[in-house]
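*Asks:* Supplied in C-alpha cells, the structure appears directly below.
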Amino acid sequence: MENREVKIWKMSHSGHVTKYREKFLKRQVIVLHKDTRKNQGKFFREELKKGDLFYLCFGSSAIKLIGRVTSNNAVENPEMGGGWIERSYEIVKKSTSNNKFKGSPKWWLPSGNTTIRKIKDSELSEFEEIILKPFFEMTLDQMKGAKKIGMTSYINRLIESKNLILRGAPGTGKTYLAKQIAEELTDGNEDQIGFVQFHPSYDYTDFVEGLRPVSDKGQIGFELQDGIFKKFCKKAKENPNKKFVFTIDEINRGEISKIFGELFFSIDPDYRGKDGKVTTQYANLRETDKEFYIPENVYIIGTMNDIDRSVDTFDFAMRRRFRFVEIKAADTMGMWENNDEFDNDKIEEARNRLTNLNKAISNTEGLNSHYHIGPSYFLKLKDLDYDYDILWSDYLEPLLKDYLRGSYDETDSLDKLKDAYNNEGKTDETH
Numbered sequence: 001m002e003n004r005e006v007k008i009w010k011m012s013h014s015g016h017v018t019k020y021r022e023k024f025l026k027r028q029v030i031v032l033h034k035d036t037r038k039n040q041g042k043f044f045r046e047e048l049k050k051g052d053l054f055y056l057c058f059g060s061s062a063i064k065l066i067g068r069v070t071s072n073n074a075v076e077n078p079e080m081g082g083g084w085i086e087r088s089y090e091i092v093k094k095s096t097s098n099n100k101f102k103g104s105p106k107w108w109l110p111s112g113n114t115t116i117r118k119i120k121d122s123e124l125s126e127f128e129e130i131i132l133k134p135f136f137e138m139t140l141d142q143m144k145g146a147k148k149i150g151m152t153s154y155i156n157r158l159i160e161s162k163n164l165i166l167r168g169a170p171g172t173g174k175t176y177l178a179k180q181i182a183e184e185l186t187d188g189n190e191d192q193i194g195f196v197q198f199h200p201s202y203d204y205t206d207f208v209e210g211l212r213p214v215s216d217k218g219q220i221g222f223e224l225q226d227g228i229f230k231k232f233c234k235k236a237k238e239n240p241n242k243k244f245v246f247t248i249d250e251i252n253r254g255e256i257s258k259i260f261g262e263l264f265f266s267i268d269p270d271y272r273g274k275d276g277k278v279t280t281q282y283a284n285l286r287e288t289d290k291e292f293y294i295p296e297n298v299y300i301i302g303t304m305n306d307i308d309r310s311v312d313t314f315d316f317a318m319r320r321r322f323r324f325v326e327i328k329a330a331d332t333m334g335m336w337e338n339n340d341e342f343d344n345d346k347i348e349e350a351r352n353r354l355t356n357l358n359k360a361i362s363n364t365e366g367l368n369s370h371y372h373i374g375p376s377y378f379l380k381l382k383d384l385d386y387d388y389d390i391l392w393s394d395y396l397e398p399l400l401k402d403y404l405r406g407s408y409d410e411t412d413s414l415d416k417l418k419d420a421y422n423n424e425g426k427t428d429e430t431h
C-alpha cells in the first residue's frame, strides 16, 4: 500500500440498513447505497481507502466500534442488492459506553444527517474529546497506532499463557495467522522468530539435542549437537529483554511426548525460567551446561487441524500446558482482500460459494464446523482461471469424499454439497 496519511471517517448504519445492521456487524462490513446523495456514494467507493479508520454508529442511538478498512474496492452487498455496496473492515476497538450520543448535529457526528463523512484535520481535536475519550477511552494517537482487535486478542492470549495453539479446519490460514502474531510480537525481527513443522518421523534429536554424524579427515564419527528449539532458546537467553516466538506447524502430527522429552516439565507456563530447569537426555556427554530451561521470554505457537486423523498423540497432560483458540473459516476470508493471488472483483462469488458450502457441511450428518473448507483453498482459483468446476473436481471433491467415506448416503450428501457450492438449492441457515 502506498505511503499516505490515514484518514478518519464517520460511518452510520441507520435508516434503510437497520434491518440488517446486526448481521453486518457479524460479517464486519460497512454498507451504503452507491447513489447516496451529496457524493457520499463516491466517497465510499473512491476516497475511502484500505487502512483508513472510521467510527461506526447507529445514528445517535449507539456508537458501536472503531474499524480499519481492509478492502480497496467496494463490492455488491448480498443482503440488500439493488445498488447497495459494502467494504470489509477489522475491528480496532469496541465502544466502552452504551450511552446514546447527545450533541450538536454536525455532519461528522452521529447526530449529523450523513452516512459517511471524512473528519477534517481541524475537527480531530473535537472528535477526540466528544467521541474517542467518552465512548472508547482512547486518545487520537492511540487510535492511529492501534492494532486490530483480533490480533491484539491473540497476542494477549499468547503473552498470558506462553503457549498457544491455533486449531481449526484445514485451509483456515492458521499458519499465516501464527506468522502475523509472531511478527507483531517481535516487531518483525526475524532473529526473534523460529519455525518448524512436525511430522511422524520428527524426534527429540531434531528438536532438543542429539548425536549427529560428522566427518573428520575421512573418518565418520558422532558429535552432540543442539536441536532447533534448544538453539532458539539459547538465543533468547542472550536477549532477555526481547520477546522470541517459536511456531510449531501441525504440532499434533508429531509424537509430542517423545519430541519434547523432559521439556514436558519446562514448557509449563508456571515453570518457565530457571525454576523449570531440567537435565537433558545427553547431559552426561557435556562437561558444562548440563541443565537446560526454557526462558521466560520464549513464546510458543502451535497449529493443528481438528480433523487430522493421521496422528493422535496430543495427550491430556500436554494439552493442559497449551491454550487452544479455534480459527473458523468465516473469520479468515479477509485473506482474499488485496492478495496478489486473488482478484478483488472475484471475492463476492467466492464468499457466497464458500459460505453456502460450509453451511451445507454443517447440516450434513456426521460432519460439523471442524470439516469446513477454509478460504485458502480458493486461492488456487487464480491459477485455474477462476474455473470453479476444476476447483471442485480436483481439490474439494476428493477432500469431501474422504470426509464422507463410509456414510450410508455418501453420494447423495456429496451431490447436496456440490449444489450448495454452485449456489443451487437451499441450505439451512443454522450452523
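Residue numbers (UniProt numbering): 1 to 431.
Where is the CB? At the ideal position from N, CA and C, for every residue including glycine.
Quick caveat, the model's predicted, so the values are computed rather than measured.
What first and last residue would you give for the beta strand (DSSP E) that runs through Pro213?
*Replies:* Its beta strand (DSSP E) spans residues 209 to 216.
*Asks:* For a test of the three-state rule: what should DSSP assign to Met138, helix, strand or coil?
*Replies:* Met138: coil per DSSP, three-state reduction.
*Asks:* Provide the residue(s) that pair with Phe244 in DSSP beta bridges, ordered along the chain.
*Replies:* Its beta-bridge partners are Val298.
*Asks:* Cutting at 7 Å between CB atoms, please list the residues of its own chain near Leu32, excluding the five before and the five after it.
*Replies:* Once the five neighbours on either side are set aside, the close Cβ partners of Leu32 are Gln40, Gly41, Phe44, Ile85, Thr115, Ile116.
*Asks:* With distance defined between alpha-carbon atoms, name the residue in Lys102, Glu79, Leu357, Tyr408 nearest to Glu397.
*Replies:* Ranking the options by Cα distance to Glu397, first place goes to Leu357.
*Asks:* Have a look at Met333 and Pro375 and give me their C-alpha separation to the nearest angstrom.
*Replies:* Answer to the nearest angstrom: the Cα atoms are 6 Å apart.
*Asks:* Does the Cβ of Ser88 have 16 or more other Cβ atoms within 10 Å, making it buried, or fewer, making it exposed?
*Replies:* Counting Cβ neighbours within 10 Å, Ser88 comes out buried, since at least 16 surround it.
*Asks:* Can you tell me which of Trp107, Leu164, Gly171 puts its alpha carbon nearest to the alpha carbon of Ile307?
*Replies:* When each option's Cα is compared against that of Ile307, the closest is Gly171.
*Asks:* Would you mind listing the alpha helix (DSSP H) stretches within the stretch 3 to 88 that are 4+ residues and don't spill past its ends, in chain order?
*Replies:* Runs found: 21 to 27.
*Asks:* In this structure, how does DSSP classify Gly334 when only helix, strand and coil are distinguished?
*Replies:* Residue state, collapsed to three classes: helix.
*Asks:* On a CA-only basis, which of Asp340, Ile267, Gly188, Tyr282 is nearest Arg323? Give me that one, please.
*Replies:* For the residues Asp340, Ile267, Gly188, Tyr282, the minimum Cα distance to Arg323 belongs to Ile267.
*Asks:* Go ahead and label Asp415 buried or exposed: buried means 16 or more other beta carbons lie within 10 angstroms of its beta carbon, across all protein chains shown.
*Replies:* It counts as exposed.
*Asks:* Ile256 bridges to which residues according to DSSP?
*Replies:* Its beta-bridge partners do not exist; DSSP assigns none.
*Asks:* For Glu209, count neighbouring C-beta atoms within 10 Å of its own C-beta (all shown protein chains included) and say buried if the count is 16 or more, exposed if not.
*Replies:* Its Cβ being crowded by 16 or more others within 10 Å, Glu209 is buried.
*Asks:* Report the option in Ala169, Val325, Ser97, Trp108 whose CA atom is closest to the CA atom of Met138.
*Replies:* With distances taken between Cα atoms, Met138 lies closest to Ser97.
*Asks:* Nearest-angstrom Cα distance between Lys174 and Lys19?
*Replies:* Approximately 34 Å between the Cα atoms of the pair.
*Asks:* With DSSP run on the structure shown, which of helix, strand or coil describes Thr205?
*Replies:* The answer is helix: DSSP assigns Thr205 an H, G or I state.
*Asks:* DSSP has Glu326 in a bridge; who is on the other side?
*Replies:* Its beta-bridge partners are Arg167.
*Asks:* Which value, in whole angstroms, describes the spacing of the CA atoms of Glu47 and Arg68?
*Replies:* Cα-Cα distance, rounded: 14 Å.
*Asks:* Using a beta-carbon distance below 8 Å, is Gly81 in contact with chain C?
*Replies:* Of the protein chains in this structure there is only one, and it is not chain C.
*Asks:* Cβ atoms of Pro110 and Ile66: under 8 Å apart, would you say?
*Replies:* Not in contact: Ile66 and Pro110 (Cβ atoms no closer than 8 Å).
*Asks:* Starting from the Cα of Ile8, find the closest Cα among Pro78, Gly59, Asp121 and give me that residue.
*Replies:* Cα-wise, what sits closest to Ile8 is Asp121.
*Asks:* Determine the closest residue to Asn77 out of Asp52, Arg37, Phe24, Phe101, with distance taken between C-alpha atoms.
*Replies:* Asn77 has its Cα closest to that of Phe24, out of Asp52, Arg37, Phe24, Phe101.
*Asks:* If you drop the 5 nearest sequence neighbours on each side, which residues of the same chain put their C-beta closer than 6 Å to that of Tyr282?
*Replies:* Taken in chain order, the residues that qualify are Glu209, Leu224.
*Asks:* What residues in its chain sit with their C-beta under 6 Å from that of Lys237, if we drop five residues either side in the sequence?
*Replies:* Contacts found: Pro295.
*Asks:* Going by the CB atoms, is the gap between Ser95 and Phe136 shorter than 8 Å?
*Replies:* In contact: Phe136 and Ser95 (Cβ atoms closer than 8 Å).
*Asks:* Report the three-state DSSP secondary structure of Asn305 (helix, strand or coil).
*Replies:* Correct three-state label for Asn305: strand.
*Asks:* Short check: CB of Ile193 to CB of Ala178, under 8 Å?
*Replies:* The answer is no: Cβ separation not under 8 Å.
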